[in-house]
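Colleague: Take a look at this one; I'll ask things after.
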Amino acid sequence: MPSHRRATLVLAVLALLGAASFAAALAVGSIAVPLADVTAALIGEPIDNAAIVRELRLPRALSGFACGGLLALAGALMQVLLRNPLADPYVLGISGGAGVGAMFAILLGLSIAGLNTFAFLGALGAMLIVFGLAHGDGAWTQTRLLLTGVIVAAGCGALVALMLSIAPEHKLHGMLFWLMGDLSQSTSPWIPVGTLIVALLASLPFARELNLLARGHDTAQALGVDVKRLRYNVYAIASLVTAVAVTSAGSIGFVGLVVPHLVRLAIGNDQRLLLPASVLAGGALLTFADTLARTLIAPQQLPVGVLTALIGVPAFLFLLTRQRS
Amino acid sequence: MSELIEARDLCVSIGCHSVCRELSFSLGAGERLAILGRNGAGKSTLLSVLAGLRDADTGEVLLGGEGYATLGPRQAARRRGWLPQRHTDAFSSTVLETALTGRHPHLGRWDWESKRDTEIARVALAAVGLADLEERDVQTLSGGERQRLAIATLLTQAAPLYLLDEPLAHLDLNHQIAVLDLFAGAAADCGAGVIMVLHEPGLADRYCERALLVYGDGRCELGRCREMLTADRLGELYGHPLQEVEADGRRWFIPA
Chain A
1 MPSHRRATLV
11 LAVLALLGAA
21 SFAAALAVGS
31 IAVPLADVTA
41 ALIGEPIDNA
51 AIVRELRLPR
61 ALSGFACGGL
71 LALAGALMQV
81 LLRNPLADPY
91 VLGISGGAGV
101 GAMFAILLGL
111 SIAGLNTFAF
121 LGALGAMLIV
131 FGLAHGDGAW
141 TQTRLLLTGV
151 IVAAGCGALV
161 ALMLSIAPEH
171 KLHGMLFWLM
181 GDLSQSTSPW
191 IPVGTLIVAL
201 LASLPFAREL
211 NLLARGHDTA
221 QALGVDVKRL
231 RYNVYAIASL
241 VTAVAVTSAG
251 SIGFVGLVVP
261 HLVRLAIGND
271 QRLLLPASVL
281 AGGALLTFAD
291 TLARTLIAPQ
301 QLPVGVLTAL
311 IGVPAFLFLL
321 TRQRS
Chain B
1 MSELIEARDL
11 CVSIGCHSVC
21 RELSFSLGAG
31 ERLAILGRNG
41 AGKSTLLSVL
51 AGLRDADTGE
61 VLLGGEGYAT
71 LGPRQAARRR
81 GWLPQRHTDA
91 FSSTVLETAL
101 TGRHPHLGRW
111 DWESKRDTEI
121 ARVALAAVGL
131 ADLEERDVQT
141 LSGGERQRLA
151 IATLLTQAAP
161 LYLLDEPLAH
171 LDLNHQIAVL
181 DLFAGAAADC
191 GAGVIMVLHE
201 PGLADRYCER
211 ALLVYGDGRC
221 ELGRCREMLT
231 ADRLGELYGH
241 PLQEVEADGR
251 RWFIPA
């Protein structure tokens with residue numbers, strides 16, 4: 001049980017890290033903007049590169065931070081819901097569904113707005129299918145939910161592969177970038193930012209109940225948790241949050257899996273601290289990764305999902321070997 | 001004062017296998033009841049129905065005169081505690097944190113565990129001999145230590161009725177007696193009610209006034225231990241002849 005002081009300390013350090021990631025995202029790029037100018041641009045003073053900071057880098061940094069936070073929050077919630085530390089936001093097929101919608105929209109040649117709508121509808125569709133099938137007769141076991149999700153995800157993967165194989169060549173690049181996670185298209189950061197704030201505020205009142213849910217269905221019920229209602233709510237919040245993140249940034253891997261895991265190693269598994277800490281850490285990680293993605297081999301941009309995976313895979317393997325010893 | 005728990009015309013089944021038919025009984029303050037039966041007879045299922053974790057086919061369970069639906073999970077958790085038969089820990093957590101989960105029904109939505117809650121948890125850990133392990137990770141505990149931690153969590157919950165599913169699982173003899181003494185003390189001193197699933201008729205006879213025999217075919221017999229726990233009845237219950245022996249005024253049953 002982390003004390004209040006420790007909780008405040010951890011959150012303060014992570015908030016600083018988040019601020020640092022913002023500073024980097026706003027200052028670094030093909031045109032380097034000194035931090036003093038970044039501050040000046042943010043408070044609206046007319047300086048040379050104000051437009052670059054305010055209109056290009058700020059929305060992208062906000063989107064990146066919000067999506068990272070959303071994915072980490074969804075991952076933390078899914079891990080509790082499935083009582084499985086290896087669960088991630090995509091394990092129940094939501095990114096698969098969004099992928100099918102997005103690929104279809106690109107094939108049809110729709111605009112960005114159309115693509116986002118289709119991706120969101122795809123995610124929602126996958127969410128409802130998994131919920132409907134897993135819910136079945138009311139016996140809602142973790143194993144059944146997990147299996148249904150994995151199967152739906154596999155089906156979606158096949159559909160995505162099918163569309164990729166019949167797509168005309170000039171559309172392939174956009175499709176692949178979307179699938180690997182890409183923040184360059186996210187122009188309106190307010191949807192992910194708003195969703196992040198609402199979802200975090202909606203989850204925090206249930207944080208202690210989530211601690212009990214992580215210890216088992218019956219144990220939580222015996223200690224006074226309305227388990228059925230809690231699980232529905234967690235499923236709905238985690239799925240919607242994932243759907244918004246995937247819609248705005250494509251399927252960015254490993255943030256949702258690795259961040260809650262790392263945070264848990266550092267501060268334990270109390271969700272009252274873990275949820276906000278994961279949001280801050282996930283946001284900071286994705287903002288840093290995206291800054292790297294657009295500067296490493298500039299002017300060419302890398303898909304940010306590739307970078308999070310390149311950071312995430314070794315980090316995760318390290319965690320796994322450490323756990324065994 | 002109404003009874004701690006009352007079962008009315010309870011019918012419970014697992015699939016098409018009947019556990020009990022129209023079982024009615026009640027348990028007041030300070031009373032102890034043992035549930036005995038063969039493996040798979042439905043003892044745990046019956047106990048989870050009594051704990052409100054599973055619905056009965058028909059009939060109802062009342063805690064202090066009110067059903068689980070009226071009470072809601074939170075109020076129910078302040079009236080009865082349930083010890084599960086198995087403990088799986090998917091995530092690591094310290095022994096003290098685990099014992100503190102028992103305070104959940106006593107805390108408001110935004111409350112953090114207070115110094116007093118920690119004190120209560122420490123007293124409970126000391127009562128089961130785990131005081132030195134409070135910073136240990138639950139995932140590294142032995143089976144017996146994990147079982148005693150679950151009992152400490154139950155004591156932290158401080159409900160007046162204990163529903164224990166095999167409280168002696170994984171425990172060695174000294175801890176078996178210590179745990180049974182602990183609950184006997186809670187019944188005698190604090191007026192707690194105890195219902196426990198046991199496998200040892202001798203211990204049931206020593207620590208409980210009444211016994212409920214679950215035969216596994218829908219038949220259940222409830223009565224004073226003196227009448228229920230006889231070599232004949234138990235022989236039929238377990239499907240193996242037993243012999244009653246007496247030592248120091250206590251009755252024990254050994255397989256013939």
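Which chain is which? The protein sequence lines are A and B, in order. Per the numbering used here, the first sequence runs over residues 1 to 325. Per the numbering used here, the second sequence runs over residues 1 to 256. Glycine is no exception: its CB is placed at the ideal position from the N, C-alpha and C atoms.
Check for me: the beta strand (DSSP E) holding Q85 of chain B runs from which residue to which?
Modeller: Walking along the second sequence from the start, residue 85 of chain B turns up at place 85. Counting along the chain, Q85 of chain B falls outside any beta strand (DSSP E), and DSSP gives it neither H nor E.
Colleague: Tell me which same chain residues have a C-beta within less than 8 Å of the C-beta of R272 of chain A, skipping the five on either side of it?
Modeller: What you label residue 272 of chain A is simply residue 272 of the first sequence in a count that begins at 1. The residues are A7, L204, A207, R208, N211.
Colleague: Less than 9 Å between the C-beta atoms of R32 of chain B and I195 of chain B, yes or no?
Modeller: Counting from 1 along the second sequence, the entry for residue 32 of chain B is found at position 32. Counting from 1 along the second sequence, the entry for residue 195 of chain B is found at position 195. Yes, these two residues count as a Cβ contact at 9 Å.
Colleague: Secondary structure at S251 of chain A, three-state DSSP: helix, strand or coil?
Modeller: If you number the first sequence from 1, residue 251 of chain A lands on position 251. Residue state, collapsed to three classes: coil.
Colleague: Note down, in chain order, every chain B residue with its Cβ under 7 Å from the Cβ of P85 of chain A.
Modeller: Here residue 85 of chain A corresponds to residue number 85 of the first sequence, with the count starting at 1. Per Cβ cutoff of 7 Å: A90, F91.
Colleague: When DSSP builds the beta bridges, which residues end up paired with R224 of chain B?
Modeller: Start at 1 with the first residue of the second sequence, and residue 224 of chain B comes out as number 224. Answer is B:R210, bridged to R224 of chain B.
Colleague: On the three-state DSSP scale, how would you describe D37 of chain A?
Modeller: Taking the first sequence and counting its residues from 1, the one referred to as residue 37 of chain A is at position 37. D37 of chain A: helix per DSSP, three-state reduction.
Colleague: Keeping to the same chain, check which residues put their C-beta closer than 7 Å to that of A40 of chain A; ignore five residues upstream and five downstream.
Modeller: One-based indexing of the first sequence puts residue 40 of chain A at position 40. Cβ within range, chain order: I47.
Colleague: I want to verify the contact list: residues of chain B whose CB lies under 8 Å from the CB of H4 of chain A, in sequence order.
Modeller: The residue labelled residue 4 of chain A in the question sits at position 4 within the first sequence. By Cβ distance, chain B contributes W112.
Colleague: Taking its Cβ as the centre, do 16 or more other Cβ atoms sit within 10 Å of L317 of chain A, making it buried, or is it exposed?
Modeller: For this step, residue 317 of chain A is matched to residue 317 along the first sequence. Looking at its Cβ environment, which holds fewer than 16 other Cβ atoms inside 10 Å, L317 of chain A is exposed.
Colleague: Would R145 of chain B be called buried (16 or more neighbouring beta carbons within 10 Å of its own) or exposed?
Modeller: For the purposes of this step, residue 145 of chain B is identified with residue 145 of the second sequence, where counting begins at 1. Rather than Arg, the amino acid found at residue 145 of chain B in this sequence is Glu. It counts as buried.
Colleague: Which class does L161 of chain B belong to by DSSP, given the choice of helix, strand or coil?
Modeller: By 1-based counting over the second sequence, the position of residue 161 of chain B is 161. Correct three-state label for L161 of chain B: strand.
Colleague: Which whole-angstrom value describes the C-beta separation of S239 of chain A and I94 of chain A, a residue pair presumed to lie in contact below a C-beta threshold of 8 Å?
Modeller: Taking the first residue of the first sequence as position 1, residue 239 of chain A is located at position 239. Taking the first residue of the first sequence as position 1, residue 94 of chain A is located at position 94. Contact flag correct, Cβ pair sits at about 6 Å.
Colleague: Measuring straight from C-alpha to C-alpha, what distance separates R210 of chain B and L180 of chain B?
Modeller: If you number the second sequence from 1, residue 210 of chain B lands on position 210. If you number the second sequence from 1, residue 180 of chain B lands on position 180. So the alpha carbons of these two residues sit roughly 15 Å apart.
Colleague: Where does H4 of chain A land, buried or exposed, given buried means 16+ other C-beta within 10 angstroms?
Modeller: Locating residue 4 of chain A in the first sequence gives position 4, where the first residue counts as 1. The residue in question, H4 of chain A, is exposed, as its Cβ has fewer than 16 Cβ neighbours within 10 Å.
Colleague: Just the C-alpha distance for A25 of chain A and V255 of chain A, rounded to the nearest angstrom, thanks.
Modeller: The sequence position of residue 25 of chain A within the first sequence is 25, counting from 1. The sequence position of residue 255 of chain A within the first sequence is 255, counting from 1. Approximately 18 Å, taken between the alpha carbons.
Colleague: Specify whether the segment 40–56 of chain B and the segment 5–20 of chain B touch according to this definition: at least 3 beta carbon pairs, one from each stretch, less than 8 Å apart.
Modeller: At 8 Å Cβ cutoff, the stretches touch.
Colleague: Starting from A247 of chain B, trace the alpha helix (DSSP H) in both directions and tell me its first and last residue.
Modeller: As a working mapping, residue 247 of chain B is identified with position 247 in the second sequence. Here A247 of chain B belongs to no alpha helix (DSSP H); instead the beta strand (DSSP E) covers 242–247.
Colleague: Out of A:I31, A:A72, A:L35, state which residue places its alpha-carbon closest to the alpha-carbon of I52 of chain A.
Modeller: Taking the first sequence and counting its residues from 1, the one referred to as residue 52 of chain A is at position 52. Among A:I31, A:A72, A:L35, the Cα nearest to that of I52 of chain A belongs to A:I31.
Colleague: Could you give the residue range of the alpha helix (DSSP H) that holds T291 of chain A?
Modeller: The residue given as residue 291 of chain A occupies position 291 in the first sequence. First-last of the alpha helix (DSSP H) with T291 of chain A: 271–295.
Colleague: In chain order, what residues of the segment 99–111 of chain B put their CB closer than 8 Å to some CB of chain A?
Modeller: Result list: L100, T101, G102, H104, P105, L107, R109, W110.
Colleague: In terms of residues, what are the limits of the alpha helix (DSSP H) holding W190 of chain A?
Modeller: Position 190 of the first sequence, counting from 1, holds the residue named residue 190 of chain A. Start and end: 190–203.
Colleague: Where does G282 of chain A land, buried or exposed, given buried means 16+ other C-beta within 10 angstroms?
Modeller: One-based indexing of the first sequence puts residue 282 of chain A at position 282. G282 of chain A should be labelled buried.
Colleague: List, in chain order, every chain B residue whose beta-carbon is nearer than 7 Å to that of Q221 of chain A.
Modeller: Against the first sequence, residue 221 of chain A aligns to sequence position 221. L53, P73, listed in chain order.
Colleague: Do the CB positions of L287 of chain A and V244 of chain A come within less than 9 Å of each other?
Modeller: Start at 1 with the first residue of the first sequence, and residue 287 of chain A comes out as number 287. Start at 1 with the first residue of the first sequence, and residue 244 of chain A comes out as number 244. Just to set this straight, residue 287 of chain A is Thr in the shown sequence, not Leu. No. Outside cutoff.
Colleague: Using C-beta distances below 8 Å, list every residue in its chain close to R250 of chain B, excluding the 5 sequence neighbours before and after it, in chain order.
Modeller: As a working mapping, residue 250 of chain B is identified with position 250 in the second sequence. G202, D205, R206.
Colleague: Hey, could you find the ends of the beta strand (DSSP E) C11 of chain B is sitting in?
Modeller: Reading the second sequence from its first residue, position 11 is the one you call residue 11 of chain B. 5–14 is the extent of the beta strand (DSSP E) around C11 of chain B.
Colleague: Would the beta-carbon of A293 of chain A fall within 9 Å of that of L285 of chain A?
Modeller: If you number the first sequence from 1, residue 293 of chain A lands on position 293. If you number the first sequence from 1, residue 285 of chain A lands on position 285. In this structure, L285 of chain A does not lie closer than 9 Å to A293 of chain A by Cβ.
Colleague: For F91 of chain B, which option in A:L164, A:E169, A:L86 has the closest C-alpha, if you only look at C-alpha atoms?
Modeller: Position 91 of the second sequence, counted from the first residue, corresponds to residue 91 of chain B. With distances taken between Cα atoms, F91 of chain B lies closest to A:L86.
Colleague: Which residue's Cα is closest to the Cα of C113 of chain B: B:A124, B:R224, B:L125, B:L100?
Modeller: Indexing the second sequence from 1 puts residue 113 of chain B at position 113. Per the sequence shown, residue 113 of chain B should be read as Glu rather than Cys. Selected option, being the one with the closest Cα: B:L100.
Colleague: Within 9 Å of any Cβ in chain A, is that where the Cβ of V126 of chain B sits?
Modeller: Start at 1 with the first residue of the second sequence, and residue 126 of chain B comes out as number 126. Per the sequence shown, residue 126 of chain B should be read as Ala rather than Val. No, its Cβ sits nowhere closer than 9 Å to a Cβ of chain A.
Colleague: Roughly how many angstroms lie between the CA atoms of L222 of chain B and L9 of chain A, to the nearest whole one?
Modeller: Position 222 of the second sequence, counted from the first residue, corresponds to residue 222 of chain B. Position 9 of the first sequence, counted from the first residue, corresponds to residue 9 of chain A. Whole-angstrom Cα-Cα distance: 58 Å.
Colleague: Would you check if the segment 53–60 of chain A and the segment 119–128 of chain A touch, i.e. whether three or more CB-CB distances between them fall below 8 Å?
Modeller: No, the segment 119–128 of chain A is not in contact with the segment 53–60 of chain A.
Colleague: Using a beta-carbon distance below 9 Å, is N116 of chain A in contact with chain B?
Modeller: One-based indexing of the first sequence puts residue 116 of chain A at position 116. Judged by the 9 Å Cβ criterion, N116 of chain A is not in contact with chain B.
Colleague: Measuring only the C-alpha atoms, how far is D111 of chain B from R103 of chain B?
Modeller: Residue mapping note: residue 111 of chain B aligns to position 111 of the second sequence, counting from 1. Residue mapping note: residue 103 of chain B aligns to position 103 of the second sequence, counting from 1. Each residue's Cα considered, the two are about 11 Å apart.
Colleague: Would A66 of chain A and P168 of chain A qualify as a contact pair, given that the criterion is a beta-carbon distance under 9 Å?
Modeller: Here residue 66 of chain A is taken as the residue at index 66 of the first sequence, counted from 1. Here residue 168 of chain A is taken as the residue at index 168 of the first sequence, counted from 1. No, Cβ-Cβ distance for A66 of chain A and P168 of chain A is not below 9 Å.
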